[in-house]
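A.B. asks: As given, the protein sequences belong to chains A and B, one line each in that order.
For the first sequence, the tail end lands on 1643 under the working numbering, and the numbers increase by one without skipping.
For the second sequence, the tail end lands on 311 under the working numbering, and the numbers increase by one without skipping.
Even glycine gets a Cβ: it sits at the ideal position worked out from N, Cα and C.
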Amino acid sequence: MTALDVPLQQPVADAAWHRLSPRMLLIHPILELGRALPALVGIFFAGSGHDSGHYWTLGAAGLVMLYSLTRWFTTRLQVTEQSVTLRHGLVRRRTVTTSRDRIRTVDLTSHLLHRALGLARVVIGTGTNDRKGRGGLVLDGLTVGVARRLRDDLLHPVRAQAPAAAPPVELARLDRHWIGYAPFTLSGVITGVVIWGLFWRIQGESRIDLLRKGPLREVTDWFTARSTGTAVVVLVAAAVVFVAVTSTVGYVLAFWNFRLARHPSGTLEVTRGLLTTRATSIERRRLAGVHLSAPLPLRWVHATRTTAVATGLRTGRGSERGGEVLLPPAPAHVATAVATDVLDGTAAVSVALHRHPRAARRRRMIRSAVGATVLAAAGVLSAVLADTTWPLVPAAVALAAAVPIGLDRYANLGHARADGYLVTQFGSLVRRRSVLAESAVVGWTLRTTFLQRRQGLTTLVATTAAGAQGYPVLDLAGDDAVALADAVTPGLFTGLVHAPAAHRATAR
Amino acid sequence: MTTPEAAAAPARLRAPANLVSRRARAYWAVRALPLWVVVAAAEVVVLLATDASATAVTTVVAVSAAVALAHLLVMPQWRYRVHRWELTETAVYTQAGWFRQERRIAPITRIQTVDTVRGPIEQLFGLANVTVTTASARGPILVHALDLAVAERLVATLTDRAQLDGGDGT
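Spelled out as structure tokens, the structure:
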């Protein structure tokens, strides 16, 4: 049995079973040892009392490495004209079969060890699987050449017949100036919060006051010697620098060598990454739209991030991990151009939006004011309880920001229809604009709270199998919501709407 | 393309035609009961432990009894008025909730699965829930507290119509 070295372009009619690349025999032990490290450390300390303690540790490490090798020996892959089948497992044997026409995405990832050995991890996404968090078919790993051929074979089986296939057309590539936008994405804040949380956990569990040890002690001493004002200014400056630096590092790691290209068959290919390289393919018929989102700081510098709304791609927090990036945070005009290009030149990406009724503005303002009041109250309360003044600063900031944020949220609120796409936009701290193909809408939710009903407003959610699964149009006039839904999915409301005769016109 | 205003005449969506089972009201009341039993138990423990005065005890018991009674009487009626469903030629349409109300509608052609769920209390009342899923994780349509016979008929009709359509419903 060979390591999948047959040319895969030809329809693989013979149902041969292939192994993964034997080079994985070098990688598995290292990764598995890393995973088992906590347990090994435990064994090391547990056995350190005896003379033979270290042999126990070595023995356990050896077992772990041996076990890791079984992964390679037990994994078999079969590619036929109809399906892809993966068999793996030593104790519990699993066979996963996916029909070829259900394959929606093929994702190639190579971390550093992979890259050193010329390997790639292939994830075959089938839509529904991904959504339930079970992942698709994972082949870890194939040699890069085989992985690419497998991808091409799975996504464009016809290409074998077309002899001189045109090369992919490049739609975008990383402009190094864009790295300057990294600090404005605030992605470093998450890193900061994680480190902060880790610090307090270590502090809590070890019962050692880390602030009184080593170099940190000098830092705390320095701060205690300064006035509160200086300390706050220095702390804020340090936080800003930290976020800027980690955001930039994160940006470079994620988006170095970024390239978006369109395959002649219409499939989009995204490749990116400095240390871990990723190559994601999105079939055109799986692409239901695009999503442009910009946190407030990114909007200040007229930039935005662009992601694909596609079936079979994971979405959620950390869009860099989701495998759905269409463009790194980049200038807004570039993002708009690329998004338009990706959706075959539709005007929907940049179309002017319909405003929502004045009641929607009142609702944005009230919600913003209530949120700010709660934050301010919390600030005042903690100031009183802790007998300090600094929590009053964020409280004041929250109150001062309430009105601008409310107004901005209303200014950003809107929807439109263009070229068979439904466009919806909302948000202020993060402004999101979604462009969703109307043919991808599989249903509607019309949501009203008690207060919304009193103001005659309805939030209309277009449900879809792609991306976030549901895209809301916030606070429409009730009748407009129905009219919009009816226009997007004609005939759905047949027999469910009252005759328009005795009804006021909603034209604005 | 056109604006939504021009694309369709102003339209007011009517509520779905069918009410849920009459027994649903009793069922909802019974299902809310354990919550108040827990609250009552917590109150008894606290009042015994803190050695409270007689007036405090009467006030707390009276207030919570009033709230419980109001909840158990009003909530089922309110929900019974809101919870509705309808199956048209083209769509499944439901309305649910009480403070926050939701109307959900999905084309029959996009239906992927139809399930019936009956919990123990529901079986006691002869009720069944029908869940209609589409390809979207956000859009399952739930029809609560139907008479068993009605639910079975609904499921039969839906599976019958949905399988006429090919494709994977995305």
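Under 9 Å between the Cβ atoms of SER1203 of chain A and LEU1252 of chain A?
C.D. replies: In this structure, LEU1252 of chain A does not lie closer than 9 Å to SER1203 of chain A by Cβ.
A.B. asks: Could you name the residues of the same chain whose beta carbon sits closer than 6 Å to that of PRO1492 of chain A, not counting the 5 residues immediately before and after it, in chain order?
C.D. replies: Counting only Cβ-Cβ distances below 6 Å, and skipping sequence neighbours, we find ALA1612.
A.B. asks: Take every Cβ of the region 1415 to 1431 of chain A, pair it with every Cβ of the region 1547 to 1567 of chain A, and state whether three or more of those distances are shorter than 8 Å.
C.D. replies: Because the criterion of three Cβ pairs below 8 Å is met, the region 1415 to 1431 of chain A and the region 1547 to 1567 of chain A touch.
A.B. asks: Pick out whichever of A:LEU1478, A:GLN1587, A:VAL1328 and A:ALA1470 has its Cα sitting closest to the Cα of ASP1554 of chain A.
C.D. replies: Nearest C-alpha to ASP1554 of chain A: A:LEU1478.
A.B. asks: Within this structure, are the beta carbons of GLN1217 of chain A and SER1234 of chain A separated by less than 9 Å?
C.D. replies: A contact, by the Cβ cut-off of 9 Å.
A.B. asks: Run through chain A and tell me which residues come within less than 8 Å of THR254 of chain B, C-beta to C-beta.
C.D. replies: Those within 8 Å of THR254 of chain B in chain A number zero; the least Cβ separation is about 11 Å.
A.B. asks: Give me whichever residues DSSP pairs with LEU1557 of chain A in a beta bridge.
C.D. replies: Answer by DSSP bridge pairing, in chain order: A:ARG1552 and A:LEU1571.
A.B. asks: Taking a contact to mean a Cβ-Cβ separation below 9 Å, would you say ALA1530 of chain A touches VAL1515 of chain A in this structure?
C.D. replies: Yes, the Cβ-Cβ distance between ALA1530 of chain A and VAL1515 of chain A is below 9 Å.
A.B. asks: Answer with buried or exposed for TYR1190 of chain A, where buried requires no fewer than 16 other C-beta atoms within 10 angstroms of its C-beta.
C.D. replies: The residue is exposed, with fewer than 16 neighbouring Cβ atoms inside 10 Å.
A.B. asks: Kindly indicate the opening and closing residues of the alpha helix (DSSP H) around ASP1621 of chain A.
C.D. replies: First-last of the alpha helix (DSSP H) with ASP1621 of chain A: 1613 to 1623.
A.B. asks: Counting only Cβ pairs nearer than 7 Å, list the residues of chain A close to SER277 of chain B.
C.D. replies: Chain A residues near SER277 of chain B: VAL1577, GLY1578, THR1598, THR1599, ALA1600, GLN1604 and GLY1605.
A.B. asks: Going along chain A, which residues have a C-beta under 7 Å from TYR221 of chain B?
C.D. replies: Per Cβ cutoff of 7 Å: no residues; TYR221 of chain B is ~18 Å from chain A at best.
A.B. asks: Let me check one thing: in DSSP terms, what residues is GLY333 of chain B bridge-paired to?
C.D. replies: The structure shown does not extend to residue 333 of chain B, since chain B is modelled only from 142 to 311, so the question has no answer here.
A.B. asks: Verify whether the separation of the beta carbon atoms of ILE249 of chain B and VAL233 of chain B is less than 9 Å.
C.D. replies: Yes, these two residues count as a Cβ contact at 9 Å.
A.B. asks: Go ahead and pull the three-state DSSP assignment for SER1105 of chain A.
C.D. replies: Any question about residue 1105 of chain A goes unanswered here, given that chain A covers just 1136 to 1643.
A.B. asks: Look at the alpha carbon of LEU1595 of chain A and the alpha carbon of LEU1410 of chain A, and state the distance between them as a whole number of angstroms.
C.D. replies: Their Cα atoms are separated by approximately 42 Å.
A.B. asks: Hey, quick one: how far does the beta strand (DSSP E) through GLY1578 of chain A stretch, first residue to last?
C.D. replies: It spans 1576 to 1583 - the beta strand (DSSP E) in which GLY1578 of chain A sits, taken as one unbroken run.
A.B. asks: Any chance you could list the beta strand (DSSP E) runs of at least 3 consecutive residues sitting entirely within the region 190 to 217 of chain B, in chain order?
C.D. replies: For the region 190 to 217 of chain B, not a single whole beta strand (DSSP E) run of length 3 or above is found.
A.B. asks: Contact between the region 1367 to 1385 of chain A and the region 1274 to 1285 of chain A: three or more CB pairs below 8 Å?
C.D. replies: As far as the Cβ criterion goes, the region 1367 to 1385 of chain A does not touch the region 1274 to 1285 of chain A, which means the pair count is below three.
A.B. asks: With distances taken Cα to Cα, identify the nearest neighbour of HIS1312 of chain A among A:ALA1521, A:LEU1247, A:ILE1238 and A:VAL1436.
C.D. replies: Of A:ALA1521, A:LEU1247, A:ILE1238 and A:VAL1436, the residue nearest in Cα terms is A:VAL1436.
A.B. asks: With a Cβ-Cβ cutoff of 9 Å, do ARG1394 of chain A and ALA1474 of chain A count as a contact?
C.D. replies: For ARG1394 of chain A and ALA1474 of chain A, no; Cβs fall outside 9 Å.
A.B. asks: At least one CB of chain A closer than 9 Å to the CB of GLY260 of chain B: is that the case?
C.D. replies: Not an interface residue.
A.B. asks: Hey, how far is the Cα of GLY1458 of chain A from the Cα of ALA1601 of chain A?
C.D. replies: Note that GLY1458 of chain A scores a pLDDT of 46, beneath 50, so its modelled location is shaky; the value from the coordinates is reported in the next line. Each residue's alpha carbon lies about 14 Å from the other.
A.B. asks: Inspect the beta-carbon positions of LEU1166 of chain A and ALA1195 of chain A and report whether they are closer than 9 Å.
C.D. replies: It is not a contact, given that the beta carbons lie outside the stated cut-off.
A.B. asks: Within a Cβ cutoff of 8 Å, which residues of the same chain sit near LEU213 of chain B, ignoring the five residues on either side of it in sequence?
C.D. replies: Within the same chain, LEU213 of chain B has close Cβ partners ALA170, ALA173, LEU174 and TRP177.
A.B. asks: What does ALA237 of chain B reach in chain A if we use C-beta pairs closer than 7 Å?
C.D. replies: Those within 7 Å of ALA237 of chain B in chain A number zero; the least Cβ separation is about 10 Å.
A.B. asks: Can you check DSSP and say which residues form a bridge with GLY1424 of chain A?
C.D. replies: The partner list for GLY1424 of chain A (beta bridge, DSSP) reads A:VAL1444 and A:LEU1571.
A.B. asks: For a test of the three-state rule: what should DSSP assign to GLY1626 of chain A, helix, strand or coil?
C.D. replies: Three-state DSSP puts GLY1626 of chain A in coil, outside helix and strand.
A.B. asks: CB-CB under 6 Å to THR1244 of chain A, same chain, minus the five flanking residues each way: which ones, in chain order?
C.D. replies: Taken in chain order, the residues that qualify are ARG1256 and ARG1413.
A.B. asks: Taking 9 Å as the CB-CB cut-off, is ALA225 of chain B touching chain A?
C.D. replies: The question names Ala, but residue 225 of chain B is Arg in the sequence shown. No, its Cβ sits nowhere closer than 9 Å to a Cβ of chain A.
A.B. asks: Should GLY1401 of chain A be labelled buried (16 or more other beta-carbon atoms within 10 Å of its own) or exposed?
C.D. replies: With fewer than 16 Cβ atoms within 10 Å of its Cβ, GLY1401 of chain A is classed as exposed.
A.B. asks: Short of 9 Å Cβ to Cβ, which residues in the region 1616 to 1633 of chain A face chain B?
C.D. replies: Residues ALA1616, VAL1617, ALA1618, LEU1619, ALA1620, ASP1621, ALA1622, VAL1623, THR1624, PRO1625, GLY1626, LEU1627, PHE1628, THR1629, GLY1630, LEU1631, VAL1632 and HIS1633.
A.B. asks: Compare the C-alpha of PHE1390 of chain A against each of A:ALA1465, A:GLY1339 and A:PHE1358 and name the closest.
C.D. replies: Comparing Cα-Cα distances from PHE1390 of chain A to each of A:ALA1465, A:GLY1339 and A:PHE1358, the minimum goes to A:ALA1465.
A.B. asks: Return helix, strand or coil for ILE1540 of chain A, following the three-state DSSP convention.
C.D. replies: In the structure shown, ILE1540 of chain A sits in a helix (DSSP, three-state: H, G or I).
A.B. asks: Once you ignore the five residues that flank ALA269 of chain B on each side, which residues in its own chain have a CB closer than 6 Å to its CB?
C.D. replies: Only THR257, ARG259, LEU287, LEU289 and ALA292 meet the Cβ criterion.
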